[in-house]
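Below: the structure, in structure tokens.
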Amino acid sequence: MIATRKVLSISASSKCRERLRSLLSEERLMMKVTKKSDETLIAKRRKEQVLAAAADCVRRDGFHRTSMSQISAAAGMSSGHIYHYFDSKEGIIAGIVAREYNELGQLIDEIKDATKESDVISAIIDQAAKSTSRYIDHSHASLAMEILAESARNPEVASLVQQSDEEVFQSFHNLLGGGTPEVKSRCEILAALLEGLSIRALRNPNLETSLDKEMLQRVVRHVLTS
């Protein structure tokens, strides 16, 4: 009986040690996952910090005259630290372009969400009115013009812009039922209308107060349904 108890005691102790090792192993794994997640979040924030600073520099001085030292000063980070996240100035430029088009992608996602409560055309019209503030915002308009100007001089930037534009338009075509010639034409006209607001905003600083959003909605409806 005593021997049996000893065996059971040893067995229980062994199981406890095994369970403890398992728990410690799980805890170490969770710590690694948490650390990795924290590092990923920090890296994402640092990249956004660099891109925001670089965008401000580009608005002020243009792509060509913006240097890594200027970006470094604006971001409050050393050049070496920036190179940890971007391998070159060209990489930062690509990030700025992607950042701008990601915002367009988010607008399309908002339209998709809105279609749960209304039809596609109404959702697009409502979003067009809501997004006018973005297009006529001076900081957005000036950066958009700098990106287009750089794409006219730099084949790599032109390729990035065209690729991003195609992806956004494909999503928009899908919203309207496919990429038929008619749908493509409607999308091009709508894009010209909204992007043209950015040009007008730079020429007319008072555009936001003079723009009739209800009239804009009627024009957008006409483009999409006539």
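Here the sequence shown stands for residues 45 to 270, numbered as in this note's numbering.
In this text, a Cβ means the ideal position worked out from N, Cα and C, and glycines have one as well.
Nonlocal neighbours in the same chain, by C-beta distance under 8 Å from glutamine 171, ignoring five residues either side: The residues Leu151, Glu154, Ile155, Ala158, in chain order, have a CB closer than 8 Å to that of glutamine 171 in the same chain once the five nearest residues on each side in sequence are set aside.
Isoleucine 54 by DSSP, collapsed to three states: which one? In this prediction, isoleucine 54 scores a pLDDT of 48, lower than 50, which makes its location untrustworthy; no coordinate-derived value is stated.
Assuming the contact rule is C-beta atoms closer than 8 Å, tyrosine 145 and serine 208 should be a hit. Round their C-beta distance to whole Å, please. Confirmed, about 4 Å.
Give the straight-line distance between the Cα atoms of serine 183 and asparagine 198, rounded to the nearest whole angstrom. Each residue's Cα considered, the two are about 22 Å apart.
Within 8 Å, strictly: CB atoms of alanine 99 and isoleucine 126: Not closer than 8 Å, so no.
Over what stretch of residues does the alpha helix (DSSP H) that includes glutamate 266 continue unbroken? Strictly speaking, residue 266 in this sequence is histidine, with glutamate absent from that position. Following the DSSP letters along the chain, one finds histidine 266 inside the alpha helix (DSSP H) bounded by residues 257 to 269.
Beta-carbon proximity check, isoleucine 169 vs arginine 265, cutoff 8 Å: Yes, these two residues count as a Cβ contact at 8 Å.
Quick check on DSSP: helix, strand or coil for aspartate 157? Residue state, collapsed to three classes: helix.
Contact check, arginine 230 vs leucine 268 under 8 Å by CB: the rounded distance? Contact flag correct, Cβ pair sits at about 6 Å.
Assign leucine 204 to one of two classes, buried (16 or more other C-beta atoms within 10 Å of its C-beta) or exposed (fewer than that). With 16 or more other Cβ atoms inside 10 Å of its own Cβ, leucine 204 counts as buried.
Please return the same chain residues whose Cβ sits closer than 8 Å to the Cβ of isoleucine 165, not counting the five positions on each side in sequence. Hits under 8 Å: Arg265, Leu268, Thr269.
Mark leucine 238 as exposed unless 16 or more other C-beta atoms lie within 10 angstroms of its C-beta, in which case mark it buried. The residue in question, leucine 238, is buried, as its Cβ has 16 or more Cβ neighbours within 10 Å.
Between the beta-carbon of arginine 244 and the beta-carbon of leucine 251, is there less than 8 Å? Yes.
Straight-line gap, isoleucine 86 to arginine 178 (C-alpha atoms, nearest Å): So the two alpha carbons sit approximately 27 Å from each other.
Inside the segment 157 to 228 only - alpha helix (DSSP H) runs reaching at least 4 residues: For the segment 157 to 228, whole alpha helix (DSSP H) runs of length 4 or above, ordered along the chain, are 164 to 174, 176 to 180, 182 to 197, 199 to 219.
With 16 as the cutoff for other CB atoms within 10 Å, does isoleucine 54 come out buried or exposed? For isoleucine 54, the predicted model reports a pLDDT of 48, less than 50, meaning its position is unreliable; a value from the coordinates is still stated below. With fewer than 16 neighbouring CB atoms inside 10 Å of its own CB, isoleucine 54 falls in the exposed class.
Coarse secondary structure for glycine 139, derived from DSSP in three states: In the three-state reduction of the DSSP assignment, glycine 139 falls in the helix class, which pools H, G and I.
Rounded to whole angstroms, how far is the Cβ of glutamine 16 from the Cβ of alanine 117, which I believe are closer than 8 Å? Only positions 45 to 270 of the chain appear in the structure, and residue 16 is not among them; the question remains open.
Can you tell me whether glutamate 147 is buried or exposed, with buried defined as 16 or more other CB within 10 angstroms of its CB? The residue in question, glutamate 147, is exposed, as its Cβ has fewer than 16 Cβ neighbours within 10 Å.
Just confirm the distance between the C-beta atoms of lysine 257 and alanine 173, as a whole number of angstroms; I'd bet it's less than 8 Å. In this structure, lysine 257 and alanine 173 form a Cβ contact; the two beta carbons are roughly 5 Å apart against a cut-off of 8 Å.
CB serine 195 to CB arginine 103, shorter than 8 Å? Contact: no.
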